[in-house]
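Read the structure below first, then the notes.
Numbering (this note's numbering), first residue to last: 678 to 1062.
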């Protein structure tokens, strides 16, 4: 840690400067056999030289081109991230390279990123810039951690494009029934597993192998390579999920849990990869709008929350580390909201007019006319008395 105050100190007969400027620490000699006044004057000159970036005073910061940085980051991603994540990172960096590919990382600043974001939105990419700039931020952070660069992260605090809250959608029991009736084969099984385990469909459910299922312990394991938190977790299976997996095990050959029949070779099986199009078709047939595969996870979390499951348990089951994620994924159903407002009626003292006591209520109406500003609660109490 740099010394406080003016940073001047004496060791033996020599004076030295120990200070921090722009986040970097500098330890420089000031001279021997001089008094403190002279040392302070020399230190002032040294600080000025540092601020002016004079050669020989300030060390050249580590830097690299965007292209080299992207290549190093993708190489790390391919060894540490899931297949879909790798593909998405490459798409983001390819788009960023169109504007920043020939630049040094130190040349990229927040103002340039704001211009990039606005241009992408103007070109029709409504919310995609959020993802692209998030990947850029991750790349800078990773290279800084490796000590490959010594530059500021321009995407550290970028202003995100406002996104719609479409992912907050959850399925009602009636919508779930229509969706399951419209789906068939492995797609229907994926929907059931999604609703009863909360697995992320593409990166967790579709990557399951039978070796990840323990029928005796009634659990399935999400491997660290496919978990968003990069940690292995075990998910308990309820009776519906367990029976669904047992039926799949009896009818589906191969190492993958979710497989479909091959098209080219008769009788062959292949891993189910293209789930989105089949799921969207099922949603169309069920007349469901605003629904995505991630809606299954939102529905799962919301139903557990409504059933009274604690936040800590939800975090463990869903593989979340931040309690804010539980809030993001749990939403009240229409039925739950109706029950909530009905609680007010149970505690209400409001009187209602009926045909049987119309005459008596007429007196209250006359009283109300005489006191037009009287609160309703006062009128009710007068009527009761």
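For glycine and all other residues, C-beta sits at the position ideal for the given N, C-alpha and C.
Small disclaimer: the values here were computed from a predicted structure and weren't measured.
Asked	Found
Would residue 769 and residue 814 qualify as a contact pair, given that the criterion is a beta-carbon distance under 8 Å?	no
Which residue's Cα is closest to the Cα of residue 899: 880, 961, 1018 and 850?	880
Assign residue 692 to buried or exposed, taking buried as 16 or more other Cβ atoms, counted over all protein chains shown, within 10 Å of its Cβ.	buried
Let me know the secondary structure DSSP gives residue 891 once reduced to three states.	strand
Please name the residue in 998, 980, 985 and 1018 whose C-alpha comes closest to that of residue 1010.	980
I need the DSSP call for residue 1041, collapsed to helix, strand or coil.	Only weak support is given to the placement of residue 1041: the predicted model assigns it a pLDDT of 49, under 50, and the value that follows is read from those uncertain coordinates. In the structure shown, residue 1041 sits in a helix (DSSP, three-state: H, G or I).
Specify the secondary structure class of residue 931 as computed by DSSP and reduced to three states.	coil
When DSSP builds the beta bridges, which residues end up paired with residue 701?	698
Using a 10 Å radius around the Cβ and a threshold of 16 neighbouring Cβ atoms, would you call residue 823 buried or exposed?	exposed
Counting pairs of beta carbons, one from the stretch 756-770 and one from the stretch 790-798, are three or more of them closer than 8 Å?	no
According to the Cβ coordinates, are residue 825 and residue 739 closer than 8 Å?	yes
Pop quiz: residue 847 and residue 972 are said to be a contact at Cβ under 8 Å. What is the actual Cβ separation, rounded to whole angstroms?	7 Å
Residue 961: which of 724, 857, 888 and 908 sits nearest, CA to CA?	857
Quick one: grab the DSSP three-state call for residue 825.	coil
In its own chain, which residues sit with a C-beta less than 8 Å from the C-beta of residue 714, not counting the 5 before and 5 after it?	none
Return the residue from the list 969, 784, 1001 and 866 that minimises the CA-CA distance to residue 954.	969
What number of angstroms, rounded off, separates the C-alpha of residue 937 from the C-alpha of residue 913?	25 Å
Going by DSSP, which residues form a beta bridge with residue 708?	692
Rounded to the nearest angstrom, what separates residue 712 and residue 835 at their Cα positions?	49 Å
Would you please state the rounded distance, in angstroms, between the beta carbons of residue 895 and residue 919? I believe it to be under 8 Å.	6 Å
From this set, 797, 946 and 810, which residue's C-alpha is nearest residue 787's C-alpha?	810
Drop a sphere of 10 angstroms on the beta-carbon of residue 868, count the other beta-carbons inside from all chains shown, and report buried for 16 or more, exposed for fewer.	buried
What number of angstroms, rounded off, separates the C-alpha of residue 976 from the C-alpha of residue 872?	7 Å
List the DSSP bridge partners of residue 811.	BP columns for residue 811 are empty, so no partner.
Relative to the C-alpha of residue 754, which candidate in 705, 710, 708 and 820 has its C-alpha closest?	820
Taking C-beta to C-beta, are residue 798 and residue 806 nearer than 8 Å?	yes
Could you have a look at residue 986 and say whether DSSP puts it in helix, strand or coil?	coil
Based on Cα-Cα distance, which residue from 708, 698 and 728 lies nearest to residue 686?	708
For residue 834, which of helix, strand or coil comes out of DSSP?	coil
So the candidates are 952, 963 and 776; which of them puts its Cα closest to the Cα of residue 850?	963
Going by DSSP, which residues form a beta bridge with residue 687?	692
Figure out for me which residue from 710, 827 and 756 has the closest Cα to the Cα of residue 701.	827
Between residue 838 and residue 952, how many whole angstroms is the CB-CB distance? I'm expecting something under 8 Å.	Not quite, the Cβ-Cβ distance comes to about 27 Å (not below 8 Å), so this is no contact.
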